[in-house]
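Numbering (this note's numbering), first residue to last: 4 to 150.
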């Protein structure tokens, strides 16, 4: 398992999701839930890239590659959460509006008015779950090659 590869591919996922998020903001489509499903494309690409590079470098083992995929997703999640908190704070301070409430209604977090920490906890659970699911699904494809 190469940690530099995990960090680089996690960063690639983060850049893809961040640019897509900013594009949705500019197009005023950030409240459209179905467009957020497109984030899976970036997650699938980055995690598959990690597993593929491991395969090419003869890093074998189902659980080694599964863990590499999950960690790749977690790296992108950590970068995304840090950036999201900074972006929400910036938008809330510059617009004199609670920018987080703009997002709260369009997420499946139970409604109400969550704090930034509650919102990030929900995003963290969602992000870890998607990393695990995508990693398991991709390992079904790569299983015969890396065992």
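Just so you know, even glycine gets a beta-carbon here, dropped at the ideal spot from N, CA and C.
Reference residue i, options the options, closest by Cα
i: residue 135; options: 4, 28, 46 and 11; result: 46
i: residue 71; options: 81, 127 and 8; result: 8
i: residue 4; options: 150, 68 and 146; result: 68
i: residue 142; options: 89, 129, 37 and 63; result: 63
i: residue 22; options: 90, 120 and 117; result: 90
i: residue 50; options: 31, 147, 14 and 103; result: 14
i: residue 48; options: 118, 76, 28 and 127; result: 76
i: residue 140; options: 73, 81, 40 and 122; result: 73
Boundaries of the alpha helix (DSSP H) in which residue i is found, first to last residue
i: residue 143; result: 119 to 149
i: residue 55; result: 42 to 59
i: residue 21; result: 6 to 29
i: residue 38; result: 36 to 39
Inter-residue CB distance, residue i and residue j (contact presumed, cutoff 8 Å)
i: residue 58; j: residue 150; result: That belief does not hold up - the Cβ atoms of residue 58 and residue 150 are roughly 11 Å apart, past 8 Å.
Please list the segments of the alpha helix (DSSP H) lying wholly inside the region 57 to 91, counting only runs of 4 or more residues, in order along the chain. Scanning the region 57 to 91 for uninterrupted alpha helix (DSSP H) segments of 4 residues or longer gives nothing; none is fully contained.
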